[in-house]
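Peer 1:
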Amino acid sequence: MNHIAPGAQAGVYRYDEIDRQFVAERVEQFRAQVARRLSGELTEEEFKPLRLMNGLYLQLHAYMLRIAVPYGVMTSKQLRKLAEIGRKYDKGYGHFTTRQNLQFNWIKLEETPEILNELAEVDMHALQTSGNCVRNVTTDQFVGAARDEIVDGRVYAEILRQWTTLHPEFTYLPRKFKIAIMGAESDRAALRTHDVGVLAKRNEAGEPGFTFYVGGGLGRSPFVGKLIREWVAEEDFVAYLEAVLRVYNQYGRRDNIYKARIKILVHELGQEKFTAEVEEEFARLRGPKYRLDPELVAEIRKRFGAPAFETLPTVSDSFEKAKAQNAAFARWVGVNVAEHKAPGYAIATISLKPAGGIPGDATSEQMELVADLAERYSFGEIRVSHAQNLVLAHVRQDDLFTVWQALEANGLGTPNAGLIGDIIACPGLDYCALANARSIPLAQDISARFADPVRQQAIGELGIKISGCINACGHHHVGHIGILGVDKKGEEFYQITVGGDPTLTTAIGDILGPAITADETVDAIEAIVEVYLATRSDGERFLDTLKRIGHGPFKERVYAAH
Amino acid sequence: MPLIKDGRIVEDGWTTVADGEAVPADRPAIISFERWQAERDGFAGRNAALGVRVKSGTLAPAIAADLDRFALIAVEFPKFRDGRGFSTARELRERYGYRGEIRAVGHVIPDQYRFLVRTGFTSVEAPECTNEASWAHALTEITVAFQPSLDETQPVSLLRRRYGA
Ligand code: HEM
Ligand code: SF4
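Protein chains in written order, with our numbering: chain A, 222 to 783; chain B, 4 to 168.
1. Would you check if the distance between the CB atom of VAL605 of chain A and the CB atom of GLY261 of chain A is smaller than 7 Å?
2. For GLU455 of chain A and chain B, any beta-carbon pair shorter than 7 Å?
3. Check whether the stretch 487-500 of chain A and the stretch 401-411 of chain A touch, using three or more Cβ-Cβ pairs below 8 Å as the test.
4. Within the stretch 286-311 of chain A, note down every full alpha helix (DSSP H) run reaching 4 residues or more, in order along the chain.
5. Express the C-alpha separation of VAL554 of chain A and ARG617 of chain A in angstroms, rounding to a whole number.
6. Tell me ASP369 of chain A's beta-bridge partners as DSSP assigns them.
7. Tell me which residues share the same chain as PRO113 of chain B and place their Cβ nearer than 6 Å to its Cβ, disregarding the 5 neighbours each side in the sequence.
8. Please report the Cβ distance between PHE89 of chain B and PHE118 of chain B, rounded to the nearest whole angstrom; I am assuming they are in contact, meaning their Cβ atoms lie under 8 Å.
9. Compute the distance between the beta-carbons of LEU663 of chain A and ALA739 of chain A, then report whether it is under 7 Å.
10. Checking 7 Å against the spacing of the C-beta atoms, do ARG272 of chain A and LEU263 of chain A come in under that value?
11. So what's ARG87 of chain B in DSSP terms, helix, strand or just coil?
12. Using only alpha-carbon positions, find the residue among B:VAL127, B:TRP17, B:SER59 and B:LYS8 that is nearest to PHE80 of chain B.
13. Determine the DSSP secondary structure at PHE775 of chain A, reduced to helix, strand or coil.
14. Quick one: does the C-beta of SER688 of chain A sit closer than 6 Å to a heavy atom of ligand 2?
15. Confirm, please, whether the CB-CB distance from ASP29 of chain B to LEU51 of chain B is below 7 Å.
16. Beta-carbon of ARG475 of chain A versus every beta-carbon of chain B: anything under 7 Å?
17. Within 6 Å: the Cβ of ALA656 of chain A and any heavy atom of ligand 2?
18. What residues are listed by DSSP as bridge partners for HIS561 of chain A?
19. Please identify the residue among A:THR318, A:HIS697 and A:ILE737 whose C-alpha is closest to the C-alpha of LYS710 of chain A.
20. Can you say whether TRP452 of chain A is buried or exposed, counting buried as having 16 or more other CB atoms within 10 angstroms of its CB?
21. Can you find a heavy atom of ligand 2 that lies under 6 Å from the Cβ of ASN557 of chain A?
22. Nearest-angstrom Cα distance between VAL120 of chain B and ARG84 of chain B?
23. When burial is assigned at 16 or more other CB atoms within 10 Å of the CB, is TYR479 of chain A buried or exposed?
24. Is it buried or exposed for ASP416 of chain A, if we count other Cβ within 10 angstroms and need 16 for buried?
25. So that I know if they touch, is there some Cβ in chain A lying closer than 7 Å to that of GLY123 of chain B?
26. If we cut at 7 Å on Cβ distances, does PHE149 of chain B have a partner in chain A?
27. Please confirm whether GLU42 of chain B has its beta-carbon closer than 7 Å to some beta-carbon of chain A.
28. Measuring straight from C-alpha to C-alpha, what distance separates SER758 of chain A and ASP643 of chain A?
29. Assuming contact is defined by CB atoms lying nearer than 7 Å, are ARG301 of chain A and ALA592 of chain A in contact in what I supplied?
30. Is there a Cβ of chain A sitting closer than 7 Å to that of ILE7 of chain B, yes or no?
31. In chain A, what lies closer than 8 Å to ILE112 of chain B by C-beta?
32. If we ignore side chains and look at the alpha-carbon of each, how far apart do PRO130 of chain B and HIS316 of chain A end up?
33. Quick one: is ARG84 of chain B near chain A, going by C-beta distance under 7 Å?
34. Give a yes or no on contact between the stretch 490-499 of chain A and the stretch 569-577 of chain A, applying the rule of three or more CB pairs nearer than 8 Å.
35. Give the residues from the stretch 485-512 of chain A that approach chain B closer than 8 Å (Cβ to any Cβ), ordered along the chain.
36. Nearest-angstrom Cα distance between GLU602 of chain A and GLY100 of chain B?
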């Protein structure tokens with residue numbers, strides 16, 4: 222079924238010659254920086270932030286290259302290029318991250334300029350995916366497709382991408398800076414765990430505006446982002462962020478790396494004082510120079526193009542029939558498919574969490590398959606979700622069965638989006654020098670234990686998040702069940718938290734009890750699930766039951782054997 | 004130490020005077036901001052140009068009241084990673100309308116030169132055996148900018164534009 226002209230990519234910002242020239246210049250700049258490092262003109266200390274701002278990270282065993290997928294949206298052509306790079310320069314796979322990017326874990330320093338060159342061929346780069354700058358902006362993986370969408374966040378995310386690119390004032394911040402933006406009713410981007418979370422909405426006149434949450438963050442000292450302004454008009458969007466960043470750049474702590482994030486500044490100054498500082502700066506900055514012209518917004522919106530949706534009936538007979546005839550397909554639809562705003566279309570999540578697999582990993586072959594499917598069935602567009610899955614955002618309901626069959630045949634049909642098997646895990650001790658414990662094998666063991674899709678579906682919405690140390694790359698604080706790797710006399714132990722929540726009702730999970738071994742952890746998860754299933758009332762999610770009955774019964778069961 | 008202006012090493016007409024040493028009355032001299040605060044009355048009748056050197060933690064508002072007394076402000080970067088100076092220079096220009104020379108001193112690298120120019124710096128004190136070519140190159144390697152800044156008078160639009168267009 223080839224109803225879409227090849228190349229008619231819907232939701233991806235189209236580069237022009239200026240964008241391309243910029244990326245090409247950055248590749249050459251990095252090549253020269255590598256040469257100056259090798260000649261000794263740059264010290265290792267001086268070179269480090271330069272390479273980080275080009276996405277190159279030194280890990281435990283090798284260099285890691287983190288490639289930017291701006292706000293998690295890319296084309297089939299781009300995904301094919303990633304597959305090719307994975308095959309040529311890595312071990313035939315790549316790893317999708319919680320910030321909607323892609324990482325290659327086995328890269329050679331001397332090959333990076335060449336890789337960046339290849340990326341530039343498809344308008345991609347690794348800029349500002351690391352370092353103390355404003356990082357790649359993240360957003361809703363269902364942006365532009367979700368039925369509950371109010372404002373299309375992509376346009377503003379692209380505005381932010383441009384505005385933060387080599388920002389002369391804000392490239393040597395006290396610490397990294399992460400912004401997320403959402404424009405729908407439900408928060409799919411964990412806004413309040415970010416340095417800045419922007420909720421886009423509309424006023425009564427239908428004009429877009431933004432609510433700002435500032436100072437969220439996980440890591441050693443977790444904080445929930447505080448609401449510092451309910452409404453920033455569209456034309457003030459850039460001025461307001463400029464004000465937030467200037468306050469941070471001037472007053473953020475630089476004496477201690479663990480206190481350098483904006484969350485600490487907001488905490489130490491207090492929400493009121495911080496807000497007052499920002500407002501003062503904003504009052505000065507606001508004006509013609511920083512005004513975001515609606516014409517400019519319209520121009521950027523145009524560069525995205527709009528998918529040419531067909532007029533379809535709301536109900537597809539062939540789709541309903543396929544569901545009725547195939548229970549596995551019906552289950553996948555029930556779990557992995559979300560409602561689309563256009564009648565007759567659907568949003569399909571491709572789980573990168575097969576039972577016993579490594580969360581977020583995809584082989585080059587799988588990437589190519591997804592690229593093909595996107596081209597044929599979803600306007601040539603793929604999204605990466607912060608839960609480390611892929612998304613085909615605009616599939617006709619008529620085509621879902623065909624898409625599912627192809628996914629299923631290639632290990633990509635796991636029906637567990639949002640369920641207990643959809644685990645977020647950081648790289649942990651397998652890759653990371655800071656880790657206390659391994660994360661990936663534990664994720665594999667848990668997903669293998671809960672492999673049965675029928676059981677997973679019966680358990681319902683339950684997010685497990687694992688970090689190998691307190692830096693919290695795996696967001697364990699906001700997992701419904703969080704698991705943190707700790708070191709006990711040189712051995713790997715795990716601490717369980719419950720009750721975390723990454724949505725706008727953000728909550729940091731509470732510690733359930735003493736840390737336990739990996740094997741005990743898998744049993745403990747099982748015990749928690751059993752208590753939940755035995756006590757939940759109709760329609761109650763894990764978080765609801767927990768709220769109702771408290772930790773006591775869970776703790777009792779988990780530690781009963783001790 | 005070599006002074007960089009417009010991508011080239013140039014003659015430095017200024018003398019930096021350490022605290023406690025005599026300030027030459029007949030030629031441009033840079034003193035610490037702390038000294039200025041302690042001895043300001045002593046400079047009341049001075050004819051030669053005066054500059055101050057501010058630490059990275061001394062932000063623009065702290066020196067704003069005296070700006071008309073200084074022909075030069077040297078902003079210190081204790082480490083090149085400490086980016087407060089970028090905000091200081093920018094505020095001196097945009098918020099306080101300062102028109103004199105703003106000089107980056109301390110630890111800065113050529114890879115930051117474009118940012119320095121764009122936030123309002125006019126000169127940079129480079130380390131002794133710096134490679135002049137790297138500074139010149141730093142001004143030409145990227146020709147696209149995405150924000151309004153101080154190296155252009157009239158921004159074309161808020162976001163993307165080309166230099167020198
Ligand atoms: C060798 C690998 C890695 C190392 C050494 C590392 C190191 C760190 C450190 C030190 C922090 C804390 C920063 C701070 O709070 O100021 C951090 C935070 C974070 N990392 Fe990583 N990381 C690694 C890999 C990853 C990967 C692969 C991901 C994504 C899948 C990731 C996602 C995050 C996120 C989302 C945070 C933010 C938590 C917060 O908001 O505080 N990291 N990482
Ligand atoms: S949470 Fe810790 S172990 Fe895991 S990737 Fe981050 S720094 Fe490494």
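Note that beta-carbon positions come from the ideal geometry of N, C-alpha and C, so glycine has one too.
Please read these numbers as outputs of a predicted model, since none were measured by experiment.
Peer 2: Taking the structure as given:
1. Taking the C-beta atoms as reference points, GLY261 of chain A is found no nearer than 7 Å to VAL605 of chain A.
2. Against chain B, the CB of GLU455 of chain A has no partner CB under 7 Å away; the residue lies outside that interface.
3. At 8 Å Cβ cutoff, the stretches do not touch.
4. For secondary structure counted as the alpha helix (DSSP H) over 4 or more consecutive residues, the stretch 286-311 of chain A holds these complete runs in sequence order: 297-310.
5. In this structure, the straight-line span from the alpha carbon of ARG617 of chain A to that of VAL554 of chain A is close to 13 Å.
6. Answer is none; ASP369 of chain A lacks a bridge partner.
7. Around PRO113 of chain B: SER137, TRP138 and ALA141.
8. Confirmed, Cβ separation roughly 6 Å.
9. The answer is yes: Cβ separation under 7 Å.
10. In this structure, ARG272 of chain A sits away from LEU263 of chain A, with a CB-CB distance that is not shorter than 7 Å.
11. Three-state DSSP puts ARG87 of chain B in a helix.
12. Nearest C-alpha to PHE80 of chain B: B:SER59.
13. In the structure shown, the three-state DSSP call for PHE775 of chain A is helix.
14. At least one heavy atom of ligand 2 falls within 6 Å of the beta-carbon of SER688 of chain A.
15. In the sequence on display, residue 51 of chain B carries Ala and not Leu. Yes.
16. For ARG475 of chain A, the closest Cβ of chain B is nearer than 7 Å.
17. Flag set: Cβ of ALA656 of chain A near ligand 2.
18. DSSP lists A:ALA367 as partners of HIS561 of chain A.
19. It is A:ILE737.
20. Using a 10 angstroms sphere on the CB of TRP452 of chain A, the tally of other CB atoms stays under 16, which defines it as exposed.
21. ASN557 of chain A: no, Cβ never under 6 Å from ligand 2.
22. About 17 Å.
23. Under this definition TYR479 of chain A is an exposed residue.
24. Buried is the call here.
25. Interface criterion not met: the Cβ of GLY123 of chain B is under 7 Å from no Cβ in chain A.
26. At a cut-off of 7 Å between C-beta atoms, PHE149 of chain B counts as an interface residue with respect to chain A.
27. No, its Cβ sits nowhere closer than 7 Å to a Cβ of chain A.
28. So the two alpha carbons sit approximately 23 Å from each other.
29. Closer than 7 Å, so yes.
30. Chain A, which has no Cβ nearer than 7 Å to the Cβ of ILE7 of chain B, makes this no.
31. Per Cβ cutoff of 8 Å: LEU263 and GLU267.
32. If you draw a straight line from the Cα of PRO130 of chain B to the Cα of HIS316 of chain A, it is about 42 Å long.
33. Using a CB distance cut-off of 7 Å, ARG84 of chain B counts as an interface residue toward chain A.
34. Fewer than three beta-carbon pairs drawn from the stretch 490-499 of chain A and the stretch 569-577 of chain A are found closer than 8 Å, and the two stretches are therefore not classed as touching.
35. Going along the stretch 485-512 of chain A in chain order, one finds ARG505, LYS510, TYR511 and ARG512 with a Cβ nearer than 8 Å to chain B.
36. Roughly 48 Å separates the two Cα atoms.
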